[in-house]
Each structure stands twice: as C-alpha cells, then as structure tokens.
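What follows is one structure encoded as structure tokens, with my remarks underneath.
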Amino acid sequence: MARFITNNSDHAGRAPGTLIFVGDRKVDQPALEALEFDADTAHVIKEIGVDQMIKVRDSKHISWLDITGLHDTSLIKTAGEVFGLHLLIQEDILNTGQRPKCEEYDNCIFLVLKMLRMDKSTGHINAEQLSLVVGQNYLLSFQEEHEDVFDAVRDRLLRPTTKIRQRKSDYLAYALMDAVVDKYILIIEQFGDKIEQLEQELISSAKPSHLEKIYNYKREINFLRKTVRPVRELVMEYKSAESDLIEERTLSYIKDLEDHIMHATEAIETYQVMLNDQLNLYQSMVNNRLNDILRVLTIFSVVFIPLTFLAGIYGMNFEYLPELKYRYGYPIFWIVLVGITAIMLSYFKRKRWL
Amino acid sequence: MARFITNNSDHAGRAPGTLIFVGDRKVDQPALEALEFDADTAHVIKEIGVDQMIKVRDSKHISWLDITGLHDTSLIKTAGEVFGLHLLIQEDILNTGQRPKCEEYDNCIFLVLKMLRMDKSTGHINAEQLSLVVGQNYLLSFQEEHEDVFDAVRDRLLRPTTKIRQRKSDYLAYALMDAVVDKYILIIEQFGDKIEQLEQELISSAKPSHLEKIYNYKREINFLRKTVRPVRELVMEYKSAESDLIEERTLSYIKDLEDHIMHATEAIETYQVMLNDQLNLYQSMVNNRLNDILRVLTIFSVVFIPLTFLAGIYGMNFEYLPELKYRYGYPIFWIVLVGITAIMLSYFKRKRWL
Amino acid sequence: MARFITNNSDHAGRAPGTLIFVGDRKVDQPALEALEFDADTAHVIKEIGVDQMIKVRDSKHISWLDITGLHDTSLIKTAGEVFGLHLLIQEDILNTGQRPKCEEYDNCIFLVLKMLRMDKSTGHINAEQLSLVVGQNYLLSFQEEHEDVFDAVRDRLLRPTTKIRQRKSDYLAYALMDAVVDKYILIIEQFGDKIEQLEQELISSAKPSHLEKIYNYKREINFLRKTVRPVRELVMEYKSAESDLIEERTLSYIKDLEDHIMHATEAIETYQVMLNDQLNLYQSMVNNRLNDILRVLTIFSVVFIPLTFLAGIYGMNFEYLPELKYRYGYPIFWIVLVGITAIMLSYFKRKRWL
Amino acid sequence: MARFITNNSDHAGRAPGTLIFVGDRKVDQPALEALEFDADTAHVIKEIGVDQMIKVRDSKHISWLDITGLHDTSLIKTAGEVFGLHLLIQEDILNTGQRPKCEEYDNCIFLVLKMLRMDKSTGHINAEQLSLVVGQNYLLSFQEEHEDVFDAVRDRLLRPTTKIRQRKSDYLAYALMDAVVDKYILIIEQFGDKIEQLEQELISSAKPSHLEKIYNYKREINFLRKTVRPVRELVMEYKSAESDLIEERTLSYIKDLEDHIMHATEAIETYQVMLNDQLNLYQSMVNNRLNDILRVLTIFSVVFIPLTFLAGIYGMNFEYLPELKYRYGYPIFWIVLVGITAIMLSYFKRKRWL
Amino acid sequence: MARFITNNSDHAGRAPGTLIFVGDRKVDQPALEALEFDADTAHVIKEIGVDQMIKVRDSKHISWLDITGLHDTSLIKTAGEVFGLHLLIQEDILNTGQRPKCEEYDNCIFLVLKMLRMDKSTGHINAEQLSLVVGQNYLLSFQEEHEDVFDAVRDRLLRPTTKIRQRKSDYLAYALMDAVVDKYILIIEQFGDKIEQLEQELISSAKPSHLEKIYNYKREINFLRKTVRPVRELVMEYKSAESDLIEERTLSYIKDLEDHIMHATEAIETYQVMLNDQLNLYQSMVNNRLNDILRVLTIFSVVFIPLTFLAGIYGMNFEYLPELKYRYGYPIFWIVLVGITAIMLSYFKRKRWL
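Going down the list, the sequences are from chains G, X, S, H and U. Note that the working numbering gives residue 232 to position 230 of the first sequence, counting from 1, and the numbers run on in steps of one. Note that the working numbering gives residue 3 to position 1 of the second sequence, counting from 1, and the numbers run on in steps of one. Note that the working numbering gives residue 123 to position 121 of the third sequence, counting from 1, and the numbers run on in steps of one. Note that the working numbering gives residue 105 to position 103 of the fourth sequence, counting from 1, and the numbers run on in steps of one. Note that the working numbering gives residue 328 to position 326 of the fifth sequence, counting from 1, and the numbers run on in steps of one.
Here it is as structure tokens:
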C-alpha cells in the first residue's frame, strides 16, 4: 500500500460523511477508558457503554474518554451521537489517512495528528493516527493502538497536586499533543545521531552499503517531514481558535508547543540538507577512489607496453636481425628496458600523475 | 499536440468571447440529461431541447443539467442564452485547454477543472475538462466524454433519504468536485504504489529499463501536479465566494474538500522528491556496478601484464640468452610468475582495491 | 549585444527624462496611422501631422493612434507634447529595453510589454517592444516594427457590429494585449511541441546533437520566462488601476486575460522542469550507452588476456620446456584455451556482468 | 549526541514546566555576579544569595544579574521565584537545546539565543545558550560558561560617562545581544576567509583533501545558518514588543542590530552558494584531470597496439613466411613501424585528441 | 580579507556608535567640496572647514556637500556634529562593510549603497561604499574614493535650465542613486555580453579554460547579486518614507528607479541560471568528447586483441603444430585476420558503437 497517501479506493464516489474504516486493523478489540477529574478528585472508569458516555458527557467534572482501536464503526457512531459530533468528524476519525489539521466546530475543536514510533530493527518510522475532540468539559481521544506516550499524562492526572488537575480539557489536549511532539523530537534526534555517525563513516571510507543507508534515511526523513510539518499549522490554528474552549492561561503553553514543533521542523530540514550533502560526498568519495585505482593501474599498464613491444621485436624471426647476434645484446636490452621505465616514471611524476 | 498547453492557434487574434471548440472531439453526438430533484421527488429527463432547458431553468426544483460532448458549439450557445451565461463562460466551456479556476458572475459561479483517468496499459494520465455552472436552482455540467465518477452521485440523488436531496446546487457542485478529487487521490495512490515498488526494485538491482520508468513517472507526476495544484485555489475561491449561492452549512464540506486537495498536492510533491531521489539512486547504483566491474577487470588485466611481458622476454631470439639454457629455467620461470602474482594480489588486497 | 539586458551605456549619467532612442532601428521611416471610431462610424486616417494629432486628441470619438518605428525622437516628443505625456513615459517609449510594467499617471495609464515572434529557421525568439498609452478617448500604441497580430483587431474595429466598437480605449488596450498574449501562448505551444517530440527521440536514442538542442531550448525558454512573467503583474496592476479610465464591464475581460497569462507562465515553468529532466535523461542515456560499450569491450579484452599469455608461454625458447615436445601438446593447448574461456564467460554471466 | 537537535529524551512525557537540566555541565560551580548601576554610580556585587537577589530586585538602580553555569536547578528555581518568572521560562533556561526566540510575559521579556565560539584547532563551531530576562529595573542573564564577549560591556558599564549608564535594562539587553551578534559576524568572516582561500587553491590544483574541507565547511555553515537565522526573528520581535519595557530611544539601536543580523544571514547564504559552486568546481577539476590522464595514456597504448601486433606477426614460426628471408626485412619493418606511428599521431592531432 | 562580509574584528564588543574606520584607506587626503544651488544660481565651494559647514547648513539654498575619503574619523565627527547626525549614522558611514539600507531619522533620511566598478584587466568587480544623508536643504555624500559617475550630475547642476536645479535635496539624492544604478546596469550588461559570448564558444568546443571562466563569472555574479538586490528594498523604503523631505513630484522618478533596479535584479538572476546551464553544458560537452575518444580507441584496441592472440599462437614452439608446415599457412593466416576484423567492425557498426 502506498505509504505517503492512504488507500481510499473504497471511498471514491461515496457520500461525504459515510462512515467507513480506512486503515489497518491493529487491535483485536476496541478498548475504552474514561478518566474523570477535577482539582480534588480523579478516578478511572473502565467499562464504558452508552450510559457511561452520557454520564461522562453530563458530568460536572472534566472527563477524558480514550478509545483505542477504530475498526468498529458502530462504536465511533455511538460516541459521535452521544457527544453530538459532526458527521465529517466521525468520517475523519475513521479514515486513518488524514492530513494533520485543526477544525473548529460549534461545540468542539477537532484535532487530527500522527503519533510516530520507530521500529528499532528496521529503522522504519510508523505513524498512527490520533484524533482529539476538545469539548466543554470532556476530551475524546481516538487512537489505532495503545501508545505509551500517554501514560505519563495519565499518571500526572492521577496525582493530586499537579497543574493539569487544575485545568480544563484544552490544557489536557495540549498536554497530550506535547507528549506526541516530544516523541517526534526524540525520534528526530535518534535519526540525527545516525546521520551524524554516518558522516564520520563516510569520511573515513565510503562503501556501497552507505548508499542504501543514505537513501533509506532520506525516505524516512521525507516521511517525518510530511508528518510533522502540518502539525505546526495545526498548533497555530489551535492557538488562534476563536472558540472560548481555549483558556487565556493555556495560550503561553500552546505557544511553547509551537516553538517545539518549529524546532523539530527546522531540524528535519537541516538533516535533509545534510543527507543531500552526504550523497554528494559519497559519490565524490567513490569517484575519487575509482579514479585513484584507475590512474595507478593505467600507468602500470602503460609502463609495460613499450617493454612488451621491445620483447616482441626481439622475438621476431627475421634472418637478418643483427642485434640478436651481439654478444651483449641481452644485457643491453635489459639496460634499455630499465632506462625506458625510468624515463616514463619520472615523466609521470613530473606531470603529477603519480 | 503539446500536452502541457493547448493548441489555440485558431484563436489568436479573434475577438474574446468568440465561440470555437478547441480540443479533440471525443464523442459522436452530444448527450444531454437533466435530473430534477427536491427532498421529496427526483426524476431524470432524457430528451432535452430548448423548451426543456427553459422549463428546467424556471422550475422550483433543483435541476442538474449534464451535457456530454462539446464539439457542437450551437448547443453550448443555446444553453448559454437560456441560462444567461456570460460570453466568456461559453468560450471557456468550449476551450478544453482551460486552467482550473473559479469565477463569480452576477447570476452564477463558474468552475472549470479537470477529470483524470489513467490509461491502464500505457500508464498515461488523460485529462478531460469539466465545467460547472452553479446557478440559483440549477447546476450545469459540461464534460467532453462520459465519466463514471458521477454515477455514484447520480445514484445518491435518486435515492430518497440522502443528504444531497435536501441541499441545493452549491452542495451538488461540491459533491461532483468531491468525486473528481477522490479520483485524483485514487490515481496518485496508484502512482505511489508503483513508485514505492520501483524503489524496492532499484535497491535490489538497477536496470536501464528503470531509467525510462522513472522518467515516465516524472512526466506523469508533472502533469498531475500541473492539473491538481490550481484546484486548491479553485476550492478556496469557491469557499470564499461572496455570492449567496453558497449556503452556510455547505462551508464545512467545502473546507473538507480543500483538505483533501491539499493532501493530494502534498503527496504529489513527496512523490516528486522521491522520484528525484530514485533518479540519483539509479545513477549511483549503475555507477557503482560499473565501477565494480571495471575495478575487478582492470586488476585482472594488470596482474597478467608483467607475466605476459616475462613470457615475451623468454620468447626472444638473442643468441646469448643464458636463462634459456638452464636446466631448471622453465620451472623457475613459473615460480617467479606465481611469486609476482602473489605479491600483486596481496598489494591490491592491502590497498583494499579488491 | 547582451540579449537579456539592454545596452544603455549612452544613458549612464544623463538626466532622467532625456529622450534618446535605445535599440535597433528596424524600419526606414516611422509610420503613423489613426483609427477613429464609435459605435456607428469608423475610419482610418493615414497622413498624420501635429494638426491631425490635436484633432484626434480633441475628437469626441475614440481614436487609436498607432506609431510604428521609434528612432525618430522628435516624433515621439511631438506626440508627447500633444497628448501631455510625462517625460518619463516618453523616455520609456524610446528605450526598447524596458521591463514590462503598468504605470498610472494623472491623465493616462502607461503600459509597456513585449511582442514575440519566432524566427522559423533558427528557432530564436525575437522580442519587440510595444508601448500603450490609454487616455480618456484615445489609445496610443508605439511599436518598433509592423506586427500582424494587430490586424485582426483592426479588422474587428472596422466591422460595424462588433463589441469592440461599443467600448472605449480601455477595452481596445485589452484587445491589443489579448492579441499579444495569444501570440505568446502560440509560441509556447510550438516550443512545447518541439520539447515533447525531443523527449520521444531521446528515449529511443540519445545523440550529441540533442544536447545542443536541449540547451538551445533552455535558453529560449529562459527568454520567454523573463519576457512573459512580468506581464502577469502588469495585467494585475491594469485590472486594479484606480483610474476611472477602466470601465467596470471591462474587468471580467481583463481577469480572463490574467488567466491566460497565468496559464502561459505555468506552461513555461512546466517546460523548464521538463527540459531539466531531459538533460538528466540525456546524460543518463549517454552514460548507460558508454557503460554498456565499455563493459562488453572490457570483458572481451579480459577473456583474451590469459589466452594471449599462454600463447606467449609456449612461444618461449627455453631449452627444457617439456610441453612443447608432447605429441598432443598443441591440441591440449587449444582445449585448455577453450576451457579457460568457458569458465570466464560463465563467471561473468553468473556475476551478471554480461 | 546529535548536534542539530538536543537530547531531551529525559523530557518526553514530563509535565511542561518541569525543571530538568538538559545539556552538558560545563563549569564546576555556578557563578553569580550582580552589577548595579545608574547614571552616577556603578558597583559589582560578588556573593549573591536569596537576600541579595531580593535586594537587587527591589533596588531603584538598574541591576544586571549574571548567572554562569546552569546545572544547579535549585538556583534557577530560586531566581525564578524571586523575580517571578513563569515556569516555562525556568524550563527553557535549563534546556540548552532551545531555538532562539523572544517571548513577552506580563512582567518581563524573555530572550534565548546562542553564543558561538570557534575551536581554532578543529575549526568546529560550538554554541552555548544565553538566556536573557529583561525586567523593569533588572536584567538577568544565564549562560552555560563564562564568555569574554561580555567583558567589554561590563567595562563600559563601570566607566562613568558611557551612554549605557544612562539607559535601562532594555538597552543593556540590546548591548549584550549586539556583542553576541558581532561575534557571529567575526566567525562568519573567519569562515569566509577560509572559503575564499580554498577557492584559490582549488583553481590552481584540486586535491582529495579539498573535498573533505568543503564538506566540513558546509556542515559548519549549516550549523551557523541554523543558529543565526532565527535570531533575526528574535530581534524583530524584540523591536516590536508591545511591552513598555522597550524605550522609544532604544528602537533605532535595535533596528541597527536587525541590520547586522540580516547582513550576517546574507553572508551565510552567499557562502553556502559558494561552497556548492566549489563542490562542482572540485568535481569538474578532478574529472578534467582524470580525463586528461586517461586520454593521453589511452592514446599512448593505442599507438603501440598495431606495432606489437606486427612484431607478433614476424615472431610466428610459419615455415613459409617470405618476409623473414628478405635481406632488408628488418629495416623495412622498422620503417613501417615509424610510418604507422606517424600516421596515427597525425590523425589524433587532427582530431584534437592530443 | 573576506570579500562577502567585512572585517569588523576591531569592532566586536565596542559600544554601538563608536567611531572607527573599517575598510581600506583609498585616498591620501579627504577631499571636501560643496555645491550650493537654487533655480537661479549655482556655485562650487572648495575649501571647507567647520565654518563653511555651518554656513552651508544654515543657507537658504540647497547644498550638496561631498566628502571623499573616510579614514579621517574626526572629519566625519565634525560633520556629524554640525548637521546633527545620529551616532549610528556616523558609525555606519565609517564602516564600509554596510549592507545597503535606507533609514529615516527625525531630521534626515540616511541611505547607504555601493558603487561598482569593473577592473577591466581582471574582470573583478570592486565595490565602494556611498552614504547619502538627505536633509531639509542639504545633501551629504560620503564616498571612499572619487567616482566619475557623479560628474554628469554635477555638470547638470551647474547648467542653468536643468530640472535638477528646480528641485530639492530629495531629487538630488535620487539623481545620484540613478547614476549609480545606471552604472550597475552597464556592468551587468558587460557581464551579459561575456556570458552570451562564452555560450557560443562552449557550443563550438569546450575547453578546460572555460571552466575557470564560468566559475569566475559565477563568483562575480554572486557578488553583483548580493550588492544589487538590497538596493531594491532601499529604493522602496525611500519611496515610502513618511518624512516630508520627499516631495510628491519626485515619487514617479523614484518609482522609475525602482523599475530599473528590478530590471537589473532580474537580469542578474537570468545570468545566474544561464551560468548554471553553461556549467552543465560544459560538463556534458567534455564528457561527450571523452566518451567519443574512449569509445573509438577502445574499439580500436579490441579489434587488435584477437589478431595479436592469433599471432601469438603461431609464434609458439610446439613441435607438432601442423598449421606452421602448410604451404599456404601464412597467406591463409592473413585472410583469417582480415575476416575477423571485418566481422568485428560490422558487428560494432550494427550495434551503432562506431
């Protein structure tokens, strides 16, 4: 399946707002978990049905409803109906090939972005879609698979004195996005390490395997860039959302997040430039090496050419070939050979070909 | 005929608004079909003359008049007069080399864009012009040839409870454009599959046929980019049209469409970058391969050069060539040869030329 | 003379507004022609002196005064005084190295652009400067040489019922620019044909003559781009001129013109990209071809190297060279040669070097 | 550690505003120094505890509190509490991987930028983070290590009649940034010298060591660009800060600083272009050189090929090989050889291959 | 000294506004000259001291005070005090490494730009700094060395009826800048001539000396671009200065100047593109040439390889080598050789390798 654009062949021609799951089913069973909190209390609710959703929606506390696993369209539809989500939101949650974006609706702000994970063994970066719906007193999060980046946020929520407990859903959404972006930076940094190390290897000796490495890194960096760049726009739109869901005091945090994502984007661009430079370096190194070999070997052959020719001359069977009769013909022959060789080598030396 | 700009040599110097068909005649006979609908009823009218057009225009229902085949300028002129279309609109409908655009007129919004189709056998992308005129209670669509992307929309219109039945011509125009853009994404995705597969092939072994493939893909991607990019602008202008033809509730759908087209544009750009990278990879792979061959072969030749020279020496006919008389001359000769070969090979090994 | 910037060495240090003709004299004698028209009448005046100019200026009809041939500075000065043109306008008319631009003055709008012509034999594009002064009831046009692109406009003016007869000087100026831009598109299209045809030739077999072709096309496309691109700006400024010389009803025509010029610019850019791709393709094809030749030939030589060596061995004159005495020495020698050749070829085959 | 993005793996998932030192500990012990001044007096305070901080904060004089060494988070926390710094400021001060930025808070303006130093021996550029907090009557500066660029500013502060003594903290912050930017320009200039010198060397003779040099310069210039470019934005934001901390009379100085940083950015970009050009030049020079060698050597070999072939012919042992019996066979043979050589050389000369 | 950024190592750490001369001393003695004029009178004052400066400042006429030679900082300081120039202006006048800019102060507009001169022998472009201070009734100009571009302006000022005599200092500044920009265009044109001529030479035959030429042109064009581009910005800022020093009637002249500088910038960019294309062309031509040589020579060698091998065969000394005894062995041998050669050549011909 094309990795840089998602397969929505099932989608073509369907009515907008049609609920179809587009993507790979990554978990067996969707998992639902709610976390209700305010400054004083916080507790987790595990078994969630329609009733619990309604309770969560109507609660005076702030609630975070986390749904993991998207293939069950009826579940999304139920949630959509309970929380009054626009049909397009429901469709976007189910289509895992969304471009990161921030959209304001009457009753909520809808955010889609990608969580990244690096497959240690292959070095491939995998993206998973995260949809967030920021409502008045609730936050809905939809992920394809359980990601541990949210565990730290969950822990902070359960600890009594943390700042996050005093804030609302807008801050909680910020905190989740911050965790996601921190993961971006971590992955970029790991790539950076590899790329900067590759540079060292290249300078000491360029090998064909490096070519494949450079190319692989380029592809992953392309993927990173395509995933991370639109997030900046998303954060800017979130910051300047007209909705009163975003509290004044959250703004400087969102601005800080914008800064992080900007930092990440710049680092990606710098690594892109570095990879292009490394490709050039690789090719120059390989060329230089071949040039060296060819130069030395060619000179080696060239030195032997007149010698072999002379040996051929005196291997001829002319009846009247006077040099062959000379007493010192053979030693003189060798002296001539050595002389020719010396002249050629000194010529090449003078021309700096050696 | 130049594919990236249309032949309008017949046009040069003519008065603006002159009605001439510019393009290839793709159907024998223009086909007209009208579809009248409101929330309750929907029916198709097949035989359309001037009278039917006037009836459609004056009907209280929403009507979609679809004209397929553009070479009959008188037909376009008739439609233009019935619906009061500006001369420039009529001219643009007939000139199939239009750049995608959105223009607001007093009584309608005029949209031109391209429908794409991929020729499975050659991999070429063909573009066909689609003109839409969004009026108060009617939508006119003009295509060069019948395209099946609209069938799904037509089916939805004929089914009683669909949302599209409750909306007006602005939503219908959106629905058609959505179908067109979904087709774009489908085609980009198919290209993406090919390009990502080519990558695998390249890394395992680069062949000259890959060069032609890369180049063909580049040309098609160029064509895609030129066709798709201006559509984003078109959608943005449609969204922000001042006309009251666009209903408030349609806006979030158009915004969603804008998102799709943006997604498509970014994917195209990513594939362009990938193709450039692949071209580089191809050239590096081919160079590496040739370098390997040349290096090994050159070394092979070089090893034989002194050996052949020595054989030449002892093929000489000097009368006084003492080595030839030695009892063990020949075996010693072989030992020397083997020695020289060993020294050379170990030297090349040490230099890492082998 | 540098083609991409005009020689104004005579100009350096002179007062701004000094009237000097900068360019090549292309006609022997300046030709003046006036065309007076309104919705009812239209007639051509051939012999134009100062009196006629004043009459034209004060006439109630719309007049188009066309001056061909710019080397007579006194003529331009006279016209300038009669129509009250700013000194800078007069200077710009005479300096044929102007950059396309649109400038609003108190009593007129001044437009400079280039008319293009393709020299069929050399494929060179020649540019000629066209200056237009749009006044209340007159249009002045200044060209270096007679261009037939205006003939169609002149014919339309002389025909009674055309739209152009009902309009004012702003529409006439638009009509002239439209003719000029249509010529641009025609030339771009002819180039496009050549470039797309070159692509076919390249893929079937790359020849050194293609290199020169690509480079020539690049230069001409560069020239096209430099000439055409600023025209878009010009048209935009003309459209948004604050002057009341531009009538409301002309605006949609100017917008259409803007679209054409945009289309032209995009086509130019696409062809630039294609030429760069073709250059890469050319080089890859040439390299591939040389690589193929070198590979095959090198392998051919390499196969013979050990054979020749062996022949050398048995050409040696050692007294004790037992193989030479064997009855079947010679046939065995051939068998060995064939064996070595077979082993080498199969090795190369296995390595996919053949 | 990746140089172009900072390791904040400890950070991922933590609450925003968590105080952790991210970076290398560069000094043993944090050093604090305060400098209190107004137009009349100026004195240095060395031993700084919480009490002194409070005194500094509440003093009517302008105070500059300089903290060198950031690993002691409790110290930063204390300072943060005394001066009422937002938690995000404290976090940013401690995270030495910040992107240069300017942020306005209610009570202060927060600036982060990098100080650069060039390691003379390796040519590497090292960056160190400088954080400035501009308050009503104080300036806090946080650096990782003592930098001598500030000494000149300190001296000026201690001299009685300098302008800096008559100004406030906004001007002091400007003066520090000016010193930092002057250092940037100095480093860019030193790089410029090296790059322009490299150009001379390249033109006279390109060596493989130049390749590594070019690549090293490219990497450092990349690093410079990434560090310097965002500073322009920073200065612009500082200039247009809405806070009344920035005095009117300081503005033209900040504008001057903006100019310097712009100058620096443009020089960096010019050197980037030059390095790319040099890389091309290097490769062309190396290719030209190899081409020359290969051409000459190939021609040399080619001249000998028919000669050696002829010698081989007359080394054959056919019983009936008449030329061998001729009295003048051998001299004629030599004449033929010389003739063939002359013909070949003149052919190569005529073809301009020599 | 780095040419693309100026040495201000003496400057680092100094107070802003410190007066130090940065640059090369180009004249022995600073020369001062004042020119007082109004519509009726104009006279030159040669000996200028502080008194004359004050007189000039307080005169009712418009005065142009031209100072050539900047190394005497005290002179600049005196002028600065007399005319009340901001310290930053004085500093910028003395620092010859300024970036072109336009700055508005309370009592004057300050302009810095570069005058260019081409060293005919080396083809190097030299830049010299020109600072202009436009005051109410005076214009100060500061140059490093006497430039003849101003002579024409001075002559016009001394002639009684010229327009420049009726205008104020803003127009005079415009006239000086116009002269400077005309010189830019002259230099660009001379470069253009060289570059377009180089193209012709390249196409007929590419030589290594062309490579150095292309590279030299690239460097000079880089320098031109860096110098000329910011001038556009300068002119735009001058045009839109809020100060009432700029008269309404001067605006269209400044706009014309803006056009010239734009024209110059575009020409520079076109020549940059052309040089890059030429570099590619050069490399392709050189490669093609080498490929041709290598192909022909390789084929030549390859043809001889089997022939030499056969000669080796019949030079062997096997006792039982029957062919050697045949009466027509030798003629048959030659026939075989000719046959092999013919087959090989026709094969290469068929493969289009020849």
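All C-beta atoms in this analysis are idealised placements derived from N, C-alpha and C, irrespective of residue type, glycine included. Owing to the predicted nature of the structure, the values given are computational and were not obtained by experimental measurement.
The Cβ neighbour count for G/R167, taken over all protein chains shown within 10 Å, is at least 16; the residue is labelled buried. Around U/R119, the same chain offers N128 as residues with beta carbons nearer than 6 Å, after the five sequence neighbours per side are excluded.
Under the three-pair Cβ rule at 8 Å, the stretch 71 to 79 of chain H counts as touching the stretch 96 to 104 of chain H. Inter-segment contact for the stretch 224 to 238 of chain X and the stretch 262 to 275 of chain S is present: three or more beta-carbon pairs are separated by less than 8 Å. Here DSSP, grouped into helix, strand and coil, assigns X/S286 to helix. Note on X/T252: 16 or more other CB atoms within 10 angstroms of its CB, so buried under the neighbour-count rule.
In this structure, S/G125 and S/E198 do not form a Cβ contact; the two beta carbons are roughly 15 Å apart against a cut-off of 8 Å. For H/D68, the enclosing beta strand (DSSP E) begins and ends at I64 to T70. Within the model, the alpha-carbon separation for S/H45 versus S/I64 is close to 11 Å. In terms of Cβ geometry, G/I187 and H/I7 form a close pair [threshold 8 Å]. Listed along the chain, the chain G residues whose CB falls inside 8 Å of the CB of H/S303 are S303, V304 and I307. For S/S133, the uninterrupted beta strand (DSSP E) run begins and ends at I127 to V136, by DSSP. Using a Cβ distance threshold of 8 Å, H/L134 and H/L77 do not count as a contacting pair.
Nearest neighbour of X/L37 by Cα position, chosen from X/K170, X/L115, X/P102 and X/N109, turns out to be X/K170. In the assembly as shown, G/T272 is a buried residue. Its beta-carbon has 16 or more other beta-carbons within 10 Å. With a 10 Å radius around the Cβ and a threshold of 16 neighbouring Cβ atoms, X/P308 comes out buried. Chain U places no beta carbon closer than 8 Å to that of H/I345, leaving this residue out of the contacts. When secondary structure is reduced to three states using DSSP, H/H262 falls in the helix class. Each residue's CA atom was taken as its position, placing S/W355 and U/V305 some 21 Å apart. At a beta-carbon threshold of 8 Å, the residues of chain U lying near S/Q285 are S286 and N289, ordered along the chain. Rounded to the nearest angstrom, the gap between the Cα atoms of S/N290 and X/K209 is 10 Å. Against H/K215, chain G offers no close residue; the least beta-carbon distance is about 11 Å (beta-carbon pairs closer than 9 Å).
Bounds of the alpha helix (DSSP H) holding G/K228 are P210 to K241. Within chain X, no residue has its CB atom less than 9 Å from the CB of S/Y349, the nearest being about 10 Å off. At least one beta carbon of chain H lies nearer than 8 Å to the beta carbon of U/R329. Distances from the alpha-carbon of G/I189 to those of G/I263, G/F350 and G/A344 put G/I263 closest. Listed in chain order, the beta strand (DSSP E) runs fully inside the stretch 312 to 351 of chain U amount to none, counting runs of at least 3 residues. Chain S has no Cβ within less than 8 Å of the Cβ of U/G125.
Taking C-alpha positions only, U/W336 is separated from H/F311 by approximately 13 Å. Here the stretch 329 to 346 of chain U does not lie against the stretch 334 to 349 of chain S, with fewer than 3 beta-carbon pairs under 8 Å apart. Annotation: S/L356 is outside any alpha helix (DSSP H) and is labelled neither H nor E by DSSP.
For the options S/S245, S/L259, S/L141 and S/S254, the alpha carbon positioned closest to that of S/V237 is the one of S/L259.
Here H/N109 carries a coil assignment [DSSP, helix/strand/coil]. Taking 8 Å as the cut-off, the Cβ atoms of S/E130 and S/K116 count as close. For the stretch 78 to 91 of chain U, the beta-carbon criterion of a distance under 9 Å to any beta-carbon of chain H is satisfied by H88, L89 and L90.
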